[in-house]
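J.: Below is a structure I'd like to ask you about.
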Amino acid sequence: MPYHCVVCVKQVPDTKNVTGDAMKEDGTVNRAALPAVFNPEDLNALETALQIRDQHGGSVTAVTMGLPKACDVLREAIFRGADRVVLITDRRAAGSDTLATSYILSCAVRKLDPDIVLCGRQAIDGDTAQVGPQLAEKLNVTLITYLEALEALENGTITIRRNVGNGHETVRAPLPVVTTVVGSANVPRPAAAKRMMKYKKARCASEIEQQVKKQMPDADQSARTQEAAKRCSALAERGLTIEQWNLDDIEADLTWCGLAGSPTKVHRIQSIVLAGGEYKQFEPNEASVTELVHELIADHTIG
Ligand SMILES: Cc1cc2nc3c(=O)[nH]c(=O)nc-3n(C[C@H](O)[C@H](O)[C@H](O)COP(=O)(O)OP(=O)(O)OC[C@H]3O[C@@H](n4cnc5c(N)ncnc54)[C@H](O)[C@@H]3O)c2cc1C
């Protein structure tokens with residue numbers, strides 16, 4: 001029996017390589033100083049969905065909400081095997097906290113009408129792990145967090161092994177479900193060279209508009225609009241259009257979106273940058289581990 005999987009993917013700043021200029025003076029993230037990457041656990045969610053499709057048939061749709069630049073992760077999803085990708089982008093969504101983000105995603109997911117929705121457990125920038133559970137609540141479907149292995153999928157029922165930290169738990173639920181996937185679930189497949197060659201020029205309408213603006217700085221708006229429309233239809237003919245939806249397309253209630261729909265208030269942001277002297281590196285061998293344990297006991301961190 002074929003299944004339609006929707007995977008929520010997020011473009012995030014690469015927090016693994018944080019340098020001194022990662023934060024601005026006002027305490028916000030200096031996104032220009034950090035390369036943007038595919039949120040790691042979203043790759044595991046995508047891989048789980050691709051395995052479901054490979055085994056049972058059906059299709060995989062990757063969805064992201066963000067700026068047009070977030071199409072980078074959608075292209076990456078296509079290169080790895082996604083059948084369809086959708087960008088949700090709208091100025092009215094700016095400033096969305098997790099509540100508004102999950103609401104907007106829920107409107108898009110409802111429109112796509114999947115059997116299984118997969119999210120990463122957590123995004124490495126916002127780091128809240130709230131979006132998956134909030135999405136399930138808004139869709140009013142069963143939530144299964146911490147998917148580590150998909151044990152069975154038959155007759156519209158899914159069986160999932162959940163990693164619960166100190167062990168695991170196996171749960172079964174009728175579809176549809178929302179599930180959040182942990183990093184240990186699988187090894188994501190690499191991008192396929194053939195798909196990269198075929199889809200590397202795939203673009204959404206906003207990316208085309210930005211490209212035209214850059215290449216025709218002196219042209220008036222109507223000439224730019226005409227040129228963008230021409231390029232978009234040329235891409236569409238070659239099957240290289242990335243679908244782009246705004247809040248009207250997904251029939252979102254604007255009072256639940258952007259700043260208006262975001263009750264979270266950030267009172268204070270502290271910038272913590274580890275200086276060279278503040279950490280010590282231990283070799284992965286018996287002697288170093290013993291030394292580390294002794295230091296932690298002496299420091300009263302453990303024991
Ligand atoms: C007051 C406030 C204002 C904010 N304003 C902005 C802003 O203007 N611009 C901005 O970029 N961020 C903004 N943020 C951050 C933004 O709210 C979060 O990044 C976002 O809601 C996701 O939360 P998270 O990163 O903790 O994701 P988590 O809950 O940790 O993510 C879990 C999973 O949900 C899915 N997911 C999460 N976000 C998305 C997404 N956007 N698209 C698709 N799937 C997703 C992924 O599968 C991910 O692995 C703001 C946050 C607050 C509190």
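With the first letter of the sequence shown counted as 1, position 66 gets the number 66 in the numbering used here; the numbers rise by one all the way through. For each residue, glycine too, the CB sits at the ideal point set by N, CA and C.
Going by DSSP, what residue range makes up the alpha helix (DSSP H) through Pro133?
T.: Unbroken alpha helix (DSSP H) run through Pro133: 131-139.
J.: Considering only residues of the same chain and omitting the five flanking positions on each side of Ala123, which have a CB-CB separation below 6 Å?
T.: Counting only Cβ-Cβ distances below 6 Å, and skipping sequence neighbours, we find Lys10, Val12, Asn39.
J.: Could you check the C-alpha separation between Asn140 and Ala152 for me, to the nearest Å?
T.: So the two alpha carbons sit approximately 23 Å from each other.
J.: Does DSSP put Gly239 in a helix, a strand or coil?
T.: Three-state result, Gly239: coil.
J.: Tell me, please, whether the region 245-257 touches the region 78-91 by the rule of three or more beta-carbon pairs shorter than 8 Å.
T.: Yes: the two stretches touch, three or more of their Cβ pairs being nearer than 8 Å.
J.: Express the C-alpha separation of Asp42 and Thr180 in angstroms, rounding to a whole number.
T.: Computed Cα separation, rounded: 9 Å.
J.: What residues in its chain sit with their C-beta under 7 Å from that of Glu251, if we drop five residues either side in the sequence?
T.: These residues qualify, in order along the chain: Cys107.
J.: To the nearest angstrom, report how far apart Pro35 and Ile78 are at their CA atoms.
T.: About 20 Å.
J.: Counting Cβ pairs, one atom from each stretch, are 3 or more of them under 8 Å apart for the region 164-174 and the region 194-204?
T.: The region 164-174, when compared against the region 194-204, does not touch it at the 8 Å Cβ threshold.
J.: So Leu87 is in the beta strand (DSSP E); what residue range does that whole segment cover?
T.: From DSSP, the beta strand (DSSP E) with Leu87 extends over 84-88.
J.: Is Asp14 near ligand 1, with its Cβ less than 7 Å from a heavy atom?
T.: No.
J.: Residues in the same chain with beta-carbon distance under 8 Å from Thr142, minus the five sequence neighbours each way, listed in chain order, please.
T.: Excluding positions up to five away in sequence, the list reads Ala136, Ala173, Pro174, Pro176, Val177, Val178.
J.: So, with DSSP's three-state summary, where would you put Val251?
T.: Before going on, a small fix: residue 251 reads as Glu here, not Val. In this structure, Glu251 counts as coil in the three-state DSSP scheme.
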